[in-house]
Amino acid sequence: MSTISSTLQQREIKPKEKIVTYTVLACINNDYEERREFIPGDYVGKIVRDKRCPKDNSELRIKAIYAEKQQIK
Ligand SMILES: [Zn+2]
0 MSTISSTLQQ
10 REIKPKEKIV
20 TYTVLACINN
30 DYEERREFIP
40 GDYVGKIVRD
50 KRCPKDNSEL
60 RIKAIYAEKQ
70 QIK
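Note that numbering that gives the first Met the number 0 numbers the sequence shown so that position 46 is 45, with each residue one more than the last.
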């Protein structure tokens, strides 16, 4: 009787994560909200210059900034 030993390599796959910071933009008339990735210089209360509300063309103000974990596939 011979013993066959098989080597099982179990690799633990660690999900790679990254932290993504988002900026929430809200219309000053509160009828629209969207989020985009944080751009350096963003702060809560700032009026963004590069976008306008698609509903009434009003200014968008930064409502919140938050970070979220995202998995990299
Ligand atoms: Zn609006």
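Where is the CB? At the ideal position from N, CA and C, for every residue including glycine.
Everything numeric in this text was worked out from a predicted model, so none of it was measured.
The Cβ-Cβ distance between I71 and T22 does not fall below 8 Å. Ordered along the chain, residues surrounding ligand 1 are C26, N28, D30, Y31, C52, K54, D55, S57 [Cβ under 5 Å from any heavy atom].
In this structure, the straight-line span from the alpha carbon of L24 to that of K68 is close to 20 Å. Judged by DSSP secondary structure, E32 falls within the beta strand (DSSP E) whose first and last residues are 32-36.
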